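**Student:** Protein chains in written order, with the working numbering: chain A, 1021 to 1950; chain B, 280 to 454; chain C, 64 to 489. Mind having a look at this structure? Questions to follow.
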Ligand SMILES: Cc1cc2nc3c(=O)[nH]c(=O)nc-3n(C[C@H](O)[C@H](O)[C@H](O)COP(=O)(O)O)c2cc1C
Ligand code: SF4
Ligand code: FES
């Protein structure tokens, strides 16, 4: 319910104010009371299956008998009198646990969930401790579910949370409840990789150890032996909050860290399983010279300074050294390089097409007509248009949010039928297939198509024209695109989409930089602008326009860089001799620009320096390579797609010569100074200082521990070397300690390193840190929105001119597993990667003689001597004829060298990975569709 | 499975001619009776089972593919119900009532005779592939207990029947 | 005056009446009244006034149930009517009799009910094993279509109705009305939470009424011969007649239509012929497997909802299962527990995991391994799986014979423990 009315209820004799329209379980938990539960989930609502949350409810003051009721299924009534402590209720709850335990294996010592198991917690809480059942247990066979997830069905307590999350919440189709009565089974129809991009959440959603993290279990550690700090996922531009855990210098796992406005309770599988690269044996550990000889750190630092200063004599001079920043590095590293080479010499490190997109995205972010929605706000949209983005593969957590947005229709219907929104199954039943509109304009299938109301598939250029035309349909002041909608259907899809958007009370337009297509972003802005005009200025709120950035700090990098300082410009300056040296920050330039241009620029440079954490083609060409720390080994801030700056704490130390990049390039002693460098010198970053925690409540130097209170075996960890308790490492850079000493978060600490509360060892303890269920964390701090609105709005963009040409239009095909540079170097992710492929329409495949799974050569249209690339053919029925989508991410592929139009010819099938792990719904069958 | 699908996880590709024309016609008829395809899914399993005796993995995939339903979901439905057979059964399925009224009337003793006659226990199929014996909840003919069904036919007052003769009628009724 | 409106046409020595014969016997009068202008609200009023209570087990007043369906402008257009013909309650064999004996009576009633709630689609959810019922009903449906009693614009009333035969894939839980709806939708037949009730959000989220076969078969008579006639049928407090049955070791087990309020003793002795020679009645379940045991001392009570409730049981389906003194009560209850345990849908904990434990304990008793510890666990489970604790009424149904059995036949349980065997086995 939308109203915030409060009512009074009495629980065990104490009167409380609670939210009207809610249910008793949620309100009891919000009040901090301990009431056990299993099937209820804070953002999946109630179904009443487990019967664990039973309480007594009394009819009136005279009623002493009361009736047993499931708190999660009972609406809060004003004046209600309930009891959690009632002996019958307690006995019943103990009975439920005893039931759940009759076939449970009691294998806690070898179970990965042990120590953070909701079932353990609830067992203790319910007071069941002796197994009376002495009959035969039910046992199950486990399934192989792919490289991410273990399956141990014997531990199942049949709460149905897994399928409710996987199918109903996340839209997965290959997990189901099977069989029945006490043989009920949760699995796939046969063994195989779980297809959903959100499968990892099963680990957290399952209250016991049925679904566990396979990557973690390979180097397993109990939760209480992990050193944990609040961090931010570096997998894409969304900036989900995570809590990575480390032991023995190895990053062991990543779990979700609750953020009420962003990721809530869930992250995607790239974020969860994509950090293995941190532990990679190939990590750069010492500075290297151009010949690959190891250098000592001081000498290397000196060399860097010389290179930076040599060309122009003074650091920061215009004709000196070029700095190329990094969208995957934090602000501080970029600030430091920017300061070192001077603002005018500092360039963005992403591709030129992305650079152009970023200009528009940031421009729109400052436009008072538009609002850049958080994930929670995205979930509130009641009509969505997605323009050219395959969101599941580029900003997965947002795709999950869009999937929730289509449920607004259901919630509205539920309100009308007086069904509480938290009555999950009832709301779904009532609404059936009724969904809020989700309209997708793209050049091929996306992983949200199953919930889309309207699909328009077209070549990139036609798509842009259609989108401009759509804006015109919404408001005639927006310029029309000649040759717009080519559809001759009886129902014009653009008219339908326009109607959806106009009818909505909170419409949302989603586009992004991943396609590198500025026309699409302009069109998105026009559409949002047209909607804004039609909705009337002033009166209504700004229109939600979500323009996605591609990497963890694309936005931060953009904000500190001069508009004309693109990567192309940097390379041009180097090649033209306008600049002598180059310092490349955490960036493989070969992924960003035509290979020939990068080669030429690096060859022309007098000296080149690369700072990075893993070797790549750019480090291979550098005259000086400086090793840097990974995201979990340093403290840094990032700016996400919303312009939200967030602080990621250091989780653990790196014992090699690697340092945070700002330490190599900057003259700061402490992290704080590196951060303030930007905050003080770049106006848009002024508020960045707010991400630093307010430690005033931490008395005199006391810190927040990264290790839990039960961290065990600390003295034994290095017992083979030394039996003395070593002095714990100090962290002068943050309010966190590398030890178990300090103020644990429960007691008033500002920083929530990992959630734990007495009796609540599992992740469900999060409720103890929330204001109220699903509310903000009491610890703060949700990050700081940096972008200010201008006073004047922008106008409409003119449509692109029709540029026909030979060949097929090329666009990038992003993959959640493989397209992001660092995660794709993680072992677990590599198991899910495909070979480089080219998606083509069946008709084009026939035309060019291509066969499913076999080789295809792409070459620059009309340029026989131009770049060519070989990949696997992937014939997809939903691909627009005339368009080809080339998988981006493969290190060898010169995507940017190909240009806008390509020709296809059959080629040798490349070796290596096939298409085996590609999960799409529209793959053409060999004979049937082709 | 087509050659390609071995590589592709999401694909449940089966040759599209797996289902017979007759089955498809029946499935299409069911489609007109229900506003939602999921309902047709369960009906289609029954149709396929009627034709083929049981629902094999291939049948399950074919139905899922034909109706565009997730296989896992259909499997969840198929394994829920008593009368969908996910394992092969004999030519005649014996649904043997072992609920309370039949129990009082001695169905356990008669069942022992059935087992002896056919050489099978509950859940088993006779060696000649003729009979599968399955327990079934109350068949709703309790005043004439014990009862059982052989195929579509109900047999009552089993304690008074010549079981050998009864089964041989089915055995000889070859088509 | 008709005194046996449910079975008056039933004669198993011949084929059931075809449409013409059925009509000639006074069938489809309600439909003709509708064609002459009887309004849906009038039908509802009559059913309410008749005092008809559901015959599916719970005995909920039928008219009241219908009145919860949102009607009028703002209400959802599509509504559904569903007949619960999933009869699988152990010891219950009354709906089969009606469907196979007089199929048009059910169709007649369905038209009336569907019209009252303005449902244009009705489903017969028929037990899959009822192959004869299916054949007979399909034939009758075809006749009704042919005669224009089903289909579009029936008898020019502007009312459309399709009746669709759905044969269940088999599970006792499908008889629970919300599980039934899930099964009809092709889903796993787990029950649904109530509220929302099916009357508001039922089949495919649309207003839906589910009624038992026998309930529906009462409707044609009510419309044809009126409230007063209907109310005059009874001998007791509840109105109308009902099918009552006897299974177990009576001399002449069977099923008969009798006025509500008929004494139990009359049913057993007059109709059932009394116990077989040499056997004594030890107890009986009055309305199928999920009712509490009653004892010989209760024989003088009447077959009325309240009377039976007064003895701590439920009239429910009205089909008595007799326990004689040579049959082991522990074995009988154990048989029921196996049934309930297997038929649990697996959704909620007490039922899914409680029943198998109970069942296992009965197996141990049978093998002579019963203990007092296990007996105490059985006792706990009666309360643990009782009404209000579980998601639907399946497990509470199971606790009815279990709880009353433990109470009434305690001695037999004790003997199993002390003698370490079943004392009834020789
Ligand atoms: C486990 C369970 C099984 C049931 N089985 C049946 C059944 O087979 N037939 C039936 O009519 N009602 C059955 N019921 C009762 C139905 O839920 C529902 O109350 C009934 O169909 C309503 O019809 P009525 O109002 O006409 O009695 C069952 C209930 C439960 C809890
Ligand atoms: S597998 Fe886990 S989450 Fe799923 S139902 Fe079982 S216990 Fe619940
Ligand atoms: S949490 Fe309330 S029944 Fe499961």
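Beta carbons are placed, not taken as given, at the ideal position from N, Cα and C, and that holds for glycine. Source: prediction; values computed, not measured.
With H, G and I counted as helix, E and B as strand and the rest as coil, what does DSSP make of residue 1523 of chain A?
**Tutor:** helix
**Student:** Mapping the DSSP letters down to three states, classify residue 1055 of chain A as helix, strand or coil.
**Tutor:** coil
**Student:** Which residues in chain A have a C-beta closer than 9 Å to the C-beta of residue 178 of chain C? List them in chain order.
**Tutor:** Within 9 Å Cβ-Cβ: nothing; residue 178 of chain C doesn't reach chain A, min ~24 Å.
**Student:** Just the C-alpha distance for residue 1631 of chain A and residue 1362 of chain A, rounded to the nearest angstrom, thanks.
**Tutor:** 18 Å
**Student:** Under 8 Å Cβ-Cβ, which residues of chain B neighbour residue 194 of chain C?
**Tutor:** 428, 431, 432, 433
**Student:** In chain order, what residues of the same chain lie with their CB nearer than 8 Å to the CB of residue 1444 of chain A, ignoring the 5 residues before and after it?
**Tutor:** 1064, 1065, 1066, 1067, 1184, 1188
**Student:** By the three-class DSSP mapping on this structure, what secondary structure does residue 1334 of chain A have?
**Tutor:** Caution is warranted here: a pLDDT of 47 is assigned to residue 1334 of chain A, below 50, making its placement in the model unreliable, and the coordinate value is therefore given only provisionally. Three-state result, residue 1334 of chain A: coil.
**Student:** Please look up how many angstroms separate the CB atoms of residue 151 of chain C and residue 417 of chain B, rounded, as I've assumed it's under 8 Å.
**Tutor:** 6 Å
**Student:** Use the C-beta contact count for residue 78 of chain C: other C-beta atoms within 10 angstroms, 16 or more gives buried, fewer gives exposed.
**Tutor:** Residue 78 of chain C counts as exposed, since fewer than 16 other C-beta atoms from the protein chains shown sit within 10 angstroms of its C-beta.
**Student:** Could you tell me if the beta carbon of residue 278 of chain C falls within a distance shorter than 6 Å of some heavy atom in ligand 1?
**Tutor:** It does: the Cβ of residue 278 of chain C is within 6 Å (strictly closer) of some heavy atom of ligand 1.
**Student:** Which residue's Cα is closest to the Cα of residue 1277 of chain A: A:1144, A:1288, A:1267?
**Tutor:** A:1288
**Student:** Please look up how many angstroms separate the CB atoms of residue 1425 of chain A and residue 1456 of chain A, rounded, as I've assumed it's under 8 Å.
**Tutor:** Taking C-beta atoms under 8 Å as the contact rule, residue 1425 of chain A and residue 1456 of chain A qualify, at a distance of about 6 Å.
**Student:** Please state the DSSP three-state secondary structure of residue 320 of chain C.
**Tutor:** strand
**Student:** Could you name the residues of the stretch 1192-1214 of chain A whose beta carbon sits closer than 7 Å to any beta carbon of chain B, in the order they occur along the chain?
**Tutor:** 1193, 1194, 1195, 1196, 1197, 1198, 1199, 1200, 1208, 1209, 1212, 1213
**Student:** Please confirm if residue 1453 of chain A has its CB atom under 7 Å from at least one CB of chain C.
**Tutor:** no
**Student:** Between residue 1636 of chain A and residue 1069 of chain A, what straight-line distance do the alpha-carbon atoms span, to the nearest angstrom?
**Tutor:** Residue 1636 of chain A and residue 1069 of chain A have their C-alpha atoms roughly 52 Å apart.
**Student:** Measuring CB to CB, does residue 1297 of chain A end up less than 7 Å from residue 1846 of chain A?
**Tutor:** Contact: yes.
**Student:** Give the straight-line distance between the Cα atoms of residue 124 of chain C and residue 372 of chain C, rounded to the nearest whole angstrom.
**Tutor:** 16 Å
**Student:** If you drop the 5 nearest sequence neighbours on each side, which residues of the same chain put their C-beta closer than 6 Å to that of residue 462 of chain C?
**Tutor:** 445, 448, 449
**Student:** What I want to know is whether the C-beta of residue 379 of chain B ends up closer than 6 Å to one or more non-hydrogen atoms of ligand 1.
**Tutor:** It does not: the Cβ of residue 379 of chain B is nowhere closer than 6 Å to a heavy atom of ligand 1.
**Student:** Any idea if residue 1087 of chain A is buried or exposed, counting beta-carbon neighbours within 10 angstroms, 16 or more meaning buried?
**Tutor:** exposed
**Student:** Between the stretch 1351-1368 of chain A and the stretch 1547-1554 of chain A, do at least 3 Cβ pairs fall closer than 8 Å?
**Tutor:** no
**Student:** May I ask whether a heavy atom of ligand 1 can be found less than 6 Å away from the beta carbon of residue 149 of chain C?
**Tutor:** yes
**Student:** Would a check of beta-carbon distances place residue 452 of chain C closer than 7 Å to chain A?
**Tutor:** yes
**Student:** When we look at the beta-carbon of residue 1266 of chain A and count the other beta-carbons within 10 Å, is it buried (16 or more) or exposed?
**Tutor:** The residue in question, residue 1266 of chain A, is buried, as its Cβ has 16 or more Cβ neighbours within 10 Å.
**Student:** Below 6 Å CB to CB, which residues in the same chain sit around residue 332 of chain B once its five sequence neighbours on both sides are set aside?
**Tutor:** Within the same chain, and ignoring the five residues on either side of residue 332 of chain B in sequence, the residues whose Cβ sits closer than 6 Å to its Cβ are 368.
**Student:** For chain A, is any of its Cβ atoms less than 7 Å away from the one on residue 350 of chain B?
**Tutor:** yes
**Student:** Find out if the Cβ-Cβ distance for the pair residue 1641 of chain A, residue 1601 of chain A is shorter than 7 Å.
**Tutor:** no
**Student:** From residue 1583 of chain A to residue 1945 of chain A, what does the alpha carbon distance come to, in whole angstroms?
**Tutor:** 47 Å
**Student:** Please report how far the alpha carbon of residue 1245 of chain A lies from the alpha carbon of residue 310 of chain B, in whole angstroms.
**Tutor:** 57 Å
**Student:** Taking a cut of 7 Å between CB atoms, which residues from the stretch 211-236 of chain C lie near chain B?
**Tutor:** Along the stretch 211-236 of chain C, going in chain order, the ones with a CB nearer than 7 Å to a CB of chain B are 227, 232, 233, 234, 235.
**Student:** Chain C partners of residue 1119 of chain A, CB-CB under 7 Å?
**Tutor:** 412, 413, 416, 417
**Student:** Anything in the stretch 357-369 of chain B with a Cβ closer than 8 Å to a Cβ of chain C? List those residues in chain order, please.
**Tutor:** 359, 360, 361, 362, 363
**Student:** Can residue 1138 of chain A and residue 1062 of chain A be called in contact, C-beta distance under 7 Å?
**Tutor:** no
**Student:** Which residues does DSSP list as the beta-bridge partners of residue 1341 of chain A?
**Tutor:** A:1601
**Student:** Straight-line CA distance for residue 1910 of chain A to residue 1838 of chain A?
**Tutor:** Answer to the nearest angstrom: the Cα atoms are 7 Å apart.
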